[in-house]
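Written out below as structure tokens is the structure these notes cover.
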Amino acid sequence: MTLADLLSRARELGRAGLAAPIVLLAVLGTMVVPLATPVLDLMFTVNITLSIAVLLAVVYVMRPLDFSAFPTVLLFATLLRLSLNVASTRVVLLHGHEGPHAAGQVIEAFGSFVIGGNYAVGLVVFIILTIVNFMVVTKGAERVSEVSARFVLDALPGRQMAIDADLNAGILTRDEAKARREEVRAEADFYGSMDGASKFVRGDAIAGILILLINIIGGLVIGPMSRGMSFGEALRVYTLLTIGDGLVAQVPALLLSTSVAVLVTRMSRQADMSKQVAGQLFNQPRVLAVTAGVLGLAGLIPGMPNLFFLLLAAACGGVAWLMAKRARAAAEQPAPQAAAAAAAEELSWEDVGGADVLGLEVGYRLIPLVDARQGGELMARIKGVRRKLTQDLGFLVPPVHIRDNLQLQPGAYRLLVHGVPVAEGQIHTDRELALNPGRVFGSVEGIPTKDPTFGLDAIWIDKGAREHAQSLGYTVVDCATVVATHLSQVVRMHAHELLGHDEAQALLDQLAKQAPKLVEDLVPKQLSLTVFVRVLQNLLAERVPIRNLRVIAEALAEHAAKSQDPVVLSGLVRVALGRQIVQEINGMQPELPVLTLAGPLEQVLQDSLKSGGAAIEPGLAERIHRALADQTRKLETQGQPAVLLVSPALRPLLARFTRQTIPGLHVLAFDEVPDSKQLRMVGAIS
């Protein structure tokens, strides 16, 4: 059978899922079945090759999670090495009296070439390798694995909450959120497995020491008593073979221990390790310049190897100078040449700039946040917010025009609707925002603040304290998420201002593809486009999405002959959308808790409307507002929606009265609640 046939057969076994069990059984079988010295040499070579391949894979992998099979590979390599130790011990003790070649060429090479045939030197080298492997690399990797696993598991709830917050804000789609949750779970499983796998490496190092002692003692007993060797000859032969055997096992063990240490000390984000180290260690001219100065001073000391120190000092200084020169050249930007040409041009109506529908102004420190060339993530987040809001609200949210504003504070931003500022905030680009969701288990150091979107207590923390804050129960978000979430909230609050005639006509054009006769009879035959726009704006102002445009159009077509008043038509459309409205308030719950108006108060308001009053008397309005705010706060604390149920005539007045000051209160008319929903009265406003 040729080599190609063997490789083809191996691939077939791998596809059938039989390769791993066969390899595992073969490895465990070597502990029981005696191996010939050529086979033992081959297995030792395979062990060394596997260790080198694993080390290189760890170095070139982009992030630890990309090598999720590493704990299993580590277990297989450890079992292979231990089984080879058992097999080589059997060969050394059975045939060691025949000479150094009796245990195979690999052991003989390590026992003769590496340590020069001197068992005292070999013993010292083995002890040094064991100390380096066991006391430094293995112990450090074990500690890092343990701490990483603990922090990842402690931060798991906070990271899940952060993903849910990004999903609700529209930054992530459902598929992206699902993939992110899977990644978080996989990362927790990986570091948990690494914590256990590091124990195998530590146990393997201890086993190597014990096997060395057992082999030497066994050889000193077997040689003189069973093989007729003198004590000195037995000491020389069995010690050389045992140390060669130990070095053959200890070198791959050191490589695998180094692989564990390199992998667990890598950052979780995707990055090439070589570029990352070179970019962070040797990308600062100041570091190389100071290093060159220290080496130059050391090279001037008499008795030192002056030539080497001065050569390295000159090399570091030259590289630092070149890097500094390149940085200055990149910072110098050529003066704009188009200013003179632009001044010579005549003004035209195109120079009259219109106000952007949606705008974002940022201070100069936030420019890298919105510049994709500098690694800014805000543009991608805003695109995700627009996609999410477009799906939720039912119309195309306009683009967000971003500009820098030197009049703002360096870390400030401002959100504008039709050129008018409606919200602003302050962020720290070198920190992350830890939100207090209401229950945390400690405090973190940072700059106390308020969440610009919802007004929650928050702290600007260092980026390195993210996992610690998440383990305490904080929800940690980056600067781009803070701005994107604030933008999402502003768009929801001002959605009715973003919908105009062009957007409404585009909605009708889309509906005409599904129901052409309905659109043809509605606008402009029964309703003007202006009235249609006003109805949609009224719905959006009352936080009712217009996704179900066909139901809205059918309701308008049915009642357009009765009234052309947008307020009246909006109320009739709300009745048609009643199931959707209540569904978004209370979900699939069978009961809807509601507040009502006491009889005398409702009669007073009805009389005010009949007399032509469009507003509530100030003193009465203040008392009603205070009672509604208290009841809303009480219901929100209990985790229930706040719903005020009134007559259809009073609903527009009270909805307009509470829209801005009590945003958590939903005002419904009696006929908007579907028959399938049961009402439960939780209070009456008197």
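According to the working numbering, the sequence shown is numbered sequentially starting from 22.
Cβ atoms here follow ideal geometry from the backbone N, Cα and C, with glycine treated the same way.
Sub-8 Å separation of residue i and residue j beta-carbons
i, j, result
"residue 622", "residue 707", "yes"
"residue 559", "residue 589", "no"
"residue 561", "residue 516", "yes"
"residue 105", "residue 270", "yes"
"residue 264", "residue 144", "yes"
"residue 503", "residue 480", "no"
"residue 109", "residue 61", "yes"
"residue 688", "residue 672", "yes"
"residue 399", "residue 406", "no"
"residue 211", "residue 85", "yes"
"residue 552", "residue 521", "no"
"residue 535", "residue 612", "no"
"residue 276", "residue 73", "yes"
"residue 568", "residue 396", "no"
"residue 445", "residue 454", "no"
"residue 154", "residue 278", "yes"
"residue 703", "residue 639", "no"
Integer-rounded CB distance, given that residue j should sit under 8 Å from residue i
i, j, result
"residue 597", "residue 547", "Not really, about 16 Å apart at Cβ, beyond 8 Å."
"residue 240", "residue 113", "7 Å"
"residue 272", "residue 80", "No, residue 272 and residue 80 are not in contact; Cβ-Cβ is about 18 Å, not under 8 Å."
"residue 666", "residue 616", "7 Å"
"residue 340", "residue 309", "5 Å"
"residue 565", "residue 595", "7 Å"
"residue 691", "residue 669", "7 Å"
"residue 484", "residue 478", "So it is not a contact: roughly 20 Å between Cβ atoms."
"residue 184", "residue 195", "With a Cβ gap of about 11 Å, residue 184 and residue 195 do not count as contacting."
"residue 58", "residue 125", "4 Å"
Given residue i as reference, the closest of the options once Cα atoms are compared
i, options, result
"residue 103", "91, 76, 68", "68"
"residue 98", "207, 218, 59, 147", "218"
"residue 697", "323, 525, 601", "601"
"residue 418", "438, 202, 452, 430", "438"
"residue 75", "93, 280, 529", "280"
"residue 618", "168, 584, 664, 244", "664"
"residue 763", "198, 145, 214", "The first residue shown for the chain is 22 and the last is 707, placing residue 763 beyond what the model contains."
"residue 716", "650, 382, 669, 265", "With the chain covering only 22 through 707, there is no way to say anything about residue 716."
"residue 320", "334, 695, 307", "334"
"residue 205", "89, 165, 157", "89"
"residue 223", "651, 151, 584, 257", "151"
"residue 585", "613, 153, 569, 549", "549"
"residue 83", "557, 285, 701, 426", "285"
"residue 492", "312, 460, 477", "460"
"residue 234", "221, 258, 267", "267"
"residue 458", "157, 186, 73", "186"
"residue 440", "650, 154, 518, 683", "518"
"residue 655", "685, 643, 626, 331", "685"
"residue 474", "679, 456, 178, 226", "456"
"residue 216", "95, 256, 338, 254", "95"
"residue 64", "107, 87, 513", "107"
"residue 226", "393, 158, 628, 538", "158"
Local conformation of residue i per DSSP, three classes
i, result
"residue 181", "helix"
"residue 701", "strand"
"residue 585", "coil"
"residue 444", "strand"
"residue 201", "helix"
"residue 380", "strand"
"residue 285", "helix"
"residue 461", "coil"
"residue 409", "helix"
"residue 385", "helix"
"residue 453", "strand"
"residue 270", "helix"
"residue 687", "strand"
"residue 692", "helix"
"residue 662", "coil"
"residue 92", "helix"
"residue 541", "helix"
"residue 176", "coil"
"residue 595", "helix"
Residue i Cβ short of 7 Å to the ligand MN heavy atom set
i, result
"residue 437", "Among the ligands in the structure shown, none appear at all, so the ligand MN cannot be discussed."
Do the segment 481-500 and the segment 510-528 make contact, defined as three or more Cβ pairs closer than 8 Å?
-> no
Quick one: any contact between the segment 537-544 and the segment 503-510, if contact means 3 or more CB pairs under 8 Å?
-> no
Between the segment 375-388 and the segment 432-452, do three or more beta carbon pairs fall short of 8 Å?
-> yes
Is it true that the segment 165-182 meets the segment 482-491, where meeting means three or more beta-carbon pairs spaced less than 8 Å apart?
-> yes
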